[in-house]
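K.L.:
Chains as they are written, first to last, in the UniProt record's numbering: chain A, 1 to 593; chain B, 1 to 343; chain C, 1 to 281.
For reference, the structure I am asking about is given below.
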Amino acid sequence: MTAGTLTPPAAAPLRAGKRYPVSLVIGLVGLGFILLLAIVAPMIWGSAAEAGSGDLRTGPSAEHWFGTDSQGRDVLIRTLVATRLTLIMGVIATGIAVVLGGLIGALLVVSGNRVRWFGARAIDLWLALPPIIVALAVTAIFRPNEVTVVIAIGIAFSPQFARLTNNLASSVGAKDFVVTAHLLGVPGPTVLFRHVIPNIASPVLVLTSVCLSTSIITMSGLSFIGLGVQPPAIDWGQLLASGLRDIYQNPSGAIAPSLAIVLTGLSASLIGDGFVALSEPRRIQPRARKVVRAAAPAVPVEINAASTLAAATAAGRAPALDVRDLRVQVGQSGEGAQLVRGISLTVGAGEIVGLVGESGSGKSITAMTAAQLLPPELAWDAASLDVASHALSSSSVPPTALALDLGIVFQDPSSCFNPARKLGAQLTESIRVHKKVPKQEAERLAIQKLREARVTEPELRMRQYPHELSGGMRQRAMIAMALITTPKLLIADEPTTALDVTVQADVLRLIKQINRDHDMAVLLISHDIDVIAAMCDRVYVMYRGEIIEHLTAAQLRDREVTQPYTEKLLAASASTALEGAVYRANANGGSPA
Amino acid sequence: MSTDSVASPATSSPSTGPSRASRDAARQWVSYLLRRLGGLVGIVIALLVITFLLVQFVPGDPARNIVGVTATQEQVELVRERLGLNNPFPVQALDYVVALLQGDLGNSFVTQQPIVDMIGQRLPITAAVAFGGLLVVLLVGFPLGIAIAFAERRGGAKVGSGIYNVVAGLAGAIPEYITGTILVIVFALSLGWLPAQGGVGFNGFILPAIAVGLAPAAAISRVVRGETRAILGQEYIATARSKRISTGRLLVGHVLPNVATSALTIGGIILVALLGGTVIVEYVFNIPGLGTQIVESILSSDYPAIQGIILTLGLLAALVNLAIDILLGILDPRVLQKGRMGS
Amino acid sequence: MTTSTPTSTGTVDQPILSVTGLSASYGFGRRAPLVLDDVSLTLGKGRTMGVVGESGSGKSTLAKVIIGTLGASAGTVEVGGVDVGRAKSAQRQALRRSVQMIPQDPYASLDPRMTIGRTLREALAPKGGRESTYRDRIVELLELVSLDASAVNRYPHEFSGGMRQRVAIARAIAVQPTLLIADEVTSALDASIQFEVLGLLDRLQKELGFGCVFITHNLGVAARMCDDITVMRYGKVVEQGPISLLAAPADPYTRLLVGSVPDPDGRFLTDPSAYDSVIAG
């Protein structure tokens, strides 16, 4: 990932290599066909649609595929001819909804805070009413006919667009690239047309195609119950209604317009699905990631002398974690990308061992493998994988054993608790399930652990929901939850990355203290070389799925490193920089260098 | 960076533990309910304005519309007098609200019967159809979505989820009145298992309920599948898995409460749409509910009836929303602070 | 609170940025809490002022008020001796261009639908103009930030976070600003990339001589980049002075901040009482 290197020219801009989603193609073809019908059908069959034969309400025949109606007219031909009016009405109603809703949304965006707040509430109210009821109210005022129904549907669907444009425009408007454009002196309207509108276009397009589908369906529904298009004009809804009236004589008479409505609605909503798939960032990301990987230089695998230390520190006691030749890849077949490429590491009993590396290095995946929490799309194998003396690679370990002997602390305290349950229930769950500890005793134990983890007011916390705690308190509660079974090994995956520096120091202090008090082994995973250096007895440096270096705390402190990558990490050390500044200050007698 | 005690110095104010928690919770509930009730009042006011203006907005003379072009001027005047159209605008508005508060929606122009009685007869039928549709959504949509998500998570079920995608996509795109028509053709006309006439006896509600509920069920199941999939990828599910609890416990204790929250939020919109679908489906099965009545009333310009039915349906939709909000507050206390997102 | 006004090395130049008594809040109404409370700072030509603090300290809000996306409820911002709040609109337009910013999130700072070339051309000619006219200058800018000229025709998604941040830097220096606001520019980047981007900023500042307000939560980064430092907490300035004040902070909160940086000897682990007395007390 060297910064100056550019991606090879093979990775062409988005437009060239873009593949269109199947749903978009099918939807566009379907709608194109319907559009063609709308244009040509009335020209070809316009008179045939009104010409009755002597056969009234007959079933399907070679001459009349879907039979005839009460006046002997061919149902299929009438359905085809009705395409034009149905589609025109759908398009106009959608247009009204887009323009009216878009205008309201845009007005809200440019108006003041208060107007905006009330506007948003008003739109919420409007949306709480079913569109069909709004439409019925409008048709009740004016005489029911095709114009009324189009206006009614347009009005009924416009609040959705109002809310979408309001939300999107304000979120895009706050984006950094819009702010910088203003700073650069780009005129307001130019910012709007160049940055804002292109970036809100695709969700609006999605809603537009959904709206086209829904409005055709709803308008046909209104015509169907007699409140839409009035005879002699015909649309699908009205044909369906007359088909339903004759249903005992000719059931297929209702089928032709039904098919037409469903196929049109389906095409339009497929286009919507297609737009969604097209604008999903996932379509863009994989290529970028692959390129980055390809551009990174190969790193030699080399473990230095420190590995012999592992055995020494854990002398006489079984290690808390012992990993030999672990591989993790995508998919079961062995063809997927290798995320961890044959690593070995040991955490001795009572030791704190660090695993340092940056995003994508495989350190978290290694931890998740040890914890047996890999997502199902990843597969692992290893020469041996022993967690707290349970051999995971050769035997099936009962879940209870892992639950009791292994504790885990995750990175983000805001998302690692179930938001819908009180902390007490979550803290006590594992001992109540696995040790069958009665509720009151489990709660007493949990409160004790909370106190140990320096959570303030532990009794109160038990009855609170996670969101009621601050980030630092939540992470301490997480640690208490991991401690409740007094595990032999604690895996802490970036436990302080989401915390402020003063809180980080306190949480790290807590982990260190637990390690000492309970003789609990800790595997500490972090991207921060300072945290690792300060906390750990030994350190493994991971890079692109491999362990490239293995150091003791002393070696790391004295910077006895062999890998340039480790040197780069050390160069970013905050404590070194601080010392440097302090040193410079002292050397210059108080003024900066 | 997450906020911490550093950012909120008030978090550790001394007080007496658990009792404070329940007091805070009670206070949050009260303010939450007040806000929601405020929303309900807003909707009721909006409905009152809409229904009142409905008659005012009618182009031309509403009285003339009612009695028809052939009527004499005296007849028109009589109707004007009865509607109160000769009174000044504010008086009319006040009369309307006062009458409503007394539970008086006026009399039908067509049958001369009180509108309240008509609604009292027909509302239970409409509500029964909508409730049947809701049952279909809850019994089919929710379990199906969760089951598909779990199967996909296991890695298998590639073919199954492909079939599901197509079927759910199709079922979600077929409007209620067409589903109803197809059900009538198949189960009433061809097989003869159930009556084509709806709203009579228990059997008369089965086909309408399926017709009303099928498309929303398909839509909800897609939402639920997506939500379940997202939730299964959340960190707190990894936390729960790290406790090595059974799949059943994971589902009931950790997945369901969260699926319900997010699915309900989106489901609220779908449920309100379901109420709208009921109006049209009643027509297919010739059910004597509010839907068939409002169509008749619109065609015969029976304004008091139209006003009454729109008020009733709108109020019903608002109550559905309120019920969902209360349920959300119970399931996920976070909404007590933030309010419902994205609806 | 020690407020020793930083003296710009030897010269008596007018400061390029002078913030006096600045207060600001989000939301409307009088009861909205102050996010910035009476903040003052002065920045000399070609110097770097670090603004450090934890979440909720108001440091990013300060950036917003300086660039003008958030209005101040009290106080003044002067750029090059001109009060931005009182400037005429034409003058303000010019002032705006002289203050540029590098945002925190490299994924949100570039319009995903514009090539790097168009993004830079917009900086050079905000009111429009042919790309070919500016071709040479664009390539020159890319070279300044160590990017290949072929980047011109590429879209942001083809670049890693570090490279995007380089583009954002190129865009900011394209207008030859006198003042650059860098808001947590490296906190979204991996450690090894972080160092390169900081080195680039340092080099460009020496070459181009702009002043820089450097906002960060990372004391190490601040110590490396800045001449002067402002420590903030709850919207207020806690301590201000030359970077050397970190060697012996006068304020207990600054002491706690400095003492919380993990050091290899584990000194930061030893004293929980300091944490309790400052945070809880």
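Don't be surprised by glycine CBs; every beta carbon is placed ideally from N, CA and C.
Which residues, taken in chain order from the stretch 290-304 of chain B, show a beta carbon closer than 7 Å to some beta carbon of chain A?
P.N.:
Cβ contacts with chain A: 294, 295, 298, 299.
K.L.:
Would you please verify whether the beta carbon of residue 161 of chain A is less than 8 Å from any beta carbon of chain B?
P.N.:
Translated into the one-based positions of the first sequence, residue 161 of chain A becomes position 161. No, because no Cβ of chain B sits closer than 8 Å to the Cβ of residue 161 of chain A.
K.L.:
Please go through the same chain and pick out, in chain order, the residues whose beta-carbon is closer than 8 Å to the beta-carbon of residue 24 of chain A, but skip the five residues on each side of it.
P.N.:
Sequence index remark: in the first sequence, residue 24 of chain A carries index 24 (1-based). Counting only residues of its own chain and dropping the five nearest sequence neighbours on each side, residue 24 of chain A has a CB closer than 8 Å to the CB of 270, 271, 273, 274, 275, 277, 278.
K.L.:
Going by CA-CA distance only, name the one from C:157, C:116, C:130, C:122 that's closest to residue 147 of chain C.
P.N.:
Here the question's residue 147 of chain C lines up with position 147 in the third sequence. Per the Cα distances, C:116.
K.L.:
Listed from N- to C-terminal order along the chain, which residues in the stretch 401-420 of chain A have their beta-carbon within a distance smaller than 7 Å of any beta-carbon of chain C?
P.N.:
Those would be none; no residue qualifies.
K.L.:
In its own chain, which residues sit with a C-beta less than 7 Å from the C-beta of residue 193 of chain B, not counting the 5 before and 5 after it?
P.N.:
If you number the second sequence from 1, residue 193 of chain B lands on position 193. 187.
K.L.:
Name the chain A residues whose beta carbon is nearer than 7 Å to that of residue 100 of chain C?
P.N.:
In the third sequence, counting from the first residue as 1, residue 100 of chain C sits at position 100. Close partners of residue 100 of chain C in chain A (Cβ separation under 7 Å): 183.
K.L.:
So who's on the other strand from residue 50 of chain C, going by DSSP bridges?
P.N.:
Here residue 50 of chain C refers to the residue found at position 50 of the third sequence. In DSSP, residue 50 of chain C forms a bridge with C:214, C:229.
K.L.:
By the three-class DSSP mapping on this structure, what secondary structure does residue 494 of chain A have?
P.N.:
In the first sequence, residue 494 of chain A corresponds to position 494, counting from 1. Note: residue 494 of chain A maps to coil in three-state DSSP.
K.L.:
Say whether chain B places a C-beta atom closer than 8 Å to the C-beta of residue 524 of chain A.
P.N.:
Residue mapping note: residue 524 of chain A aligns to position 524 of the first sequence, counting from 1. Judged by the 8 Å Cβ criterion, residue 524 of chain A is not in contact with chain B.
K.L.:
Please determine if the stretch 127-137 of chain C and the stretch 205-225 of chain A are in contact, where contact requires at least 3 C-beta pairs separated by less than 8 Å.
P.N.:
Two segments are said to touch when three or more pairs of C-beta atoms, one from each, lie closer than 8 Å; by this definition the stretch 127-137 of chain C does not touch the stretch 205-225 of chain A.
K.L.:
Rounding to the nearest angstrom, what Cα-Cα distance links residue 75 of chain B and residue 109 of chain B in this structure?
P.N.:
Against the second sequence, residue 75 of chain B aligns to sequence position 75. Against the second sequence, residue 109 of chain B aligns to sequence position 109. Taking the straight line joining both Cα atoms gives about 13 Å.
K.L.:
Using the C-alpha atoms, what's the distance from residue 320 of chain A back to residue 549 of chain A?
P.N.:
Position 549 of the first sequence holds residue 549 of chain A. Position 320 of the first sequence holds residue 320 of chain A. So the alpha carbons of these two residues sit roughly 21 Å apart.
K.L.:
Would you identify the three-state DSSP class for residue 258 of chain B, choosing helix, strand or coil?
P.N.:
Here residue 258 of chain B refers to the residue found at position 258 of the second sequence. For residue 258 of chain B, the three-state secondary structure derived from DSSP is helix.
K.L.:
Measuring alpha carbon to alpha carbon, tell me which of A:533, A:564, A:56 ends up nearest residue 574 of chain A.
P.N.:
For the purposes of this step, residue 574 of chain A is taken as the residue at position 574 of the first sequence. Selected option, being the one with the closest Cα: A:533.
K.L.:
Could you pull the start and end residues of the alpha helix (DSSP H) that residue 434 of chain A belongs to?
P.N.:
As a first step, residue 434 of chain A is located in the first sequence; it is residue number 434 there, counting from the start. According to the DSSP assignment, residue 434 of chain A belongs to the alpha helix (DSSP H) that extends over 423-434.
K.L.:
Please classify residue 328 of chain B: does DSSP put it in a helix, a strand, or coil?
P.N.:
Taking the second sequence and counting its residues from 1, one reaches residue 328 of chain B at position 328. It is helical.
K.L.:
Please decide whether residue 465 of chain A counts as near chain B, where near means a Cβ-Cβ distance under 8 Å.
P.N.:
One-based indexing of the first sequence puts residue 465 of chain A at position 465. Closer than 8 Å to some Cβ of chain B, the Cβ of residue 465 of chain A qualifies, so yes.
K.L.:
Does the beta carbon of residue 95 of chain B sit closer than 8 Å to a beta carbon anywhere in chain A?
P.N.:
Here residue 95 of chain B corresponds to residue number 95 of the second sequence, with the count starting at 1. At least 8 Å separates the CB of residue 95 of chain B from every CB of chain A.
K.L.:
Specify whether the stretch 85-96 of chain A and the stretch 58-76 of chain A touch according to this definition: at least 3 beta carbon pairs, one from each stretch, less than 8 Å apart.
P.N.:
no
K.L.:
To the nearest angstrom, how far is the alpha carbon of residue 22 of chain C from that of residue 72 of chain C?
P.N.:
Here residue 22 of chain C corresponds to residue number 22 of the third sequence, with the count starting at 1. Here residue 72 of chain C corresponds to residue number 72 of the third sequence, with the count starting at 1. Roughly 7 Å between the two C-alpha positions.
K.L.:
So, with DSSP's three-state summary, where would you put residue 231 of chain B?
P.N.:
For the purposes of this step, residue 231 of chain B is taken as residue 231 along the second sequence, with counting starting at 1. In this structure, residue 231 of chain B counts as helix in the three-state DSSP scheme.
K.L.:
State yes or no: is the beta carbon of residue 575 of chain A nearer than 8 Å to at least one beta carbon in chain C?
P.N.:
Stepping through the first sequence from its first residue, residue 575 of chain A is reached at position 575. Yes, its Cβ sits closer than 8 Å to a Cβ of chain C.
K.L.:
Checking the sheet assignment: what are the DSSP bridge partners for residue 236 of chain C?
P.N.:
For the purposes of this step, residue 236 of chain C is taken as residue 236 along the third sequence, with counting starting at 1. Partner(s): C:233.
K.L.:
Could you give the DSSP three-state label for residue 269 of chain C: helix, strand or coil?
P.N.:
Here residue 269 of chain C corresponds to residue number 269 of the third sequence, with the count starting at 1. Residue 269 of chain C: helix per DSSP, three-state reduction.
K.L.:
Should residue 57 of chain B be flagged as near chain A, meaning a C-beta pair shorter than 8 Å?
P.N.:
Taking the second sequence and counting its residues from 1, the one referred to as residue 57 of chain B is at position 57. For residue 57 of chain B, the answer is yes, since a Cβ of chain A falls inside 8 Å of its Cβ.
K.L.:
Tell me, please, whether the CB atom of residue 198 of chain A is closer than 8 Å to any CB atom in chain C?
P.N.:
Here residue 198 of chain A corresponds to residue number 198 of the first sequence, with the count starting at 1. Residue 198 of chain A counts as touching chain C.
K.L.:
Short check: CB of residue 341 of chain A to CB of residue 327 of chain A, under 8 Å?
P.N.:
Here residue 341 of chain A refers to the residue found at position 341 when the first sequence is read from its first residue. Here residue 327 of chain A refers to the residue found at position 327 when the first sequence is read from its first residue. Yes. Within cutoff.
K.L.:
Of the residues B:333, B:324, B:129, which one's Cα is nearest the Cα of residue 402 of chain B?
P.N.:
The displayed coordinates of chain B run from 1 to 343. Any statement about residue 402 of chain B would go beyond what the structure contains.
K.L.:
Skipping 5 residues on each side, what residues in its chain have a beta carbon closer than 6 Å to that of residue 256 of chain A?
P.N.:
Translated into positions along the first sequence, residue 256 of chain A becomes position 256. Here the set comprises 66, 75, 76, 79.
K.L.:
Kindly confirm or deny that the stretch 114-128 of chain B and the stretch 303-317 of chain B touch, where touching means at least three C-beta pairs closer than 8 Å.
P.N.:
yes
K.L.:
What residues in its chain sit with their C-beta under 6 Å from that of residue 515 of chain A, if we drop five residues either side in the sequence?
P.N.:
Taking the first residue of the first sequence as 1, we reach residue 515 of chain A at position 515. So the qualifying residues of the chain are 352, 522.
K.L.:
Is the stretch 481-490 of chain A in contact with the stretch 397-409 of chain A, if contact means three or more CB pairs nearer than 8 Å?
P.N.:
yes
K.L.:
Assuming the contact rule is C-beta atoms closer than 8 Å, residue 492 of chain A and residue 529 of chain A should be a hit. Round their C-beta distance to whole Å, please.
P.N.:
Position 492 of the first sequence, counting from 1, holds the residue named residue 492 of chain A. Position 529 of the first sequence, counting from 1, holds the residue named residue 529 of chain A. With a Cβ gap of about 16 Å, residue 492 of chain A and residue 529 of chain A do not count as contacting.
K.L.:
For residue 507 of chain A, which residues of its own chain have a beta-carbon under 8 Å away from its beta-carbon, when the five flanking residues on both sides are left out?
P.N.:
As a working mapping, residue 507 of chain A is identified with position 507 in the first sequence. Only 472, 475, 476, 479, 495, 496, 499 meet the Cβ criterion.
K.L.:
In chain order, what residues of the stretch 134-162 of chain A put their CB closer than 7 Å to some CB of chain B?
P.N.:
136, 137, 139, 140, 141, 142, 144
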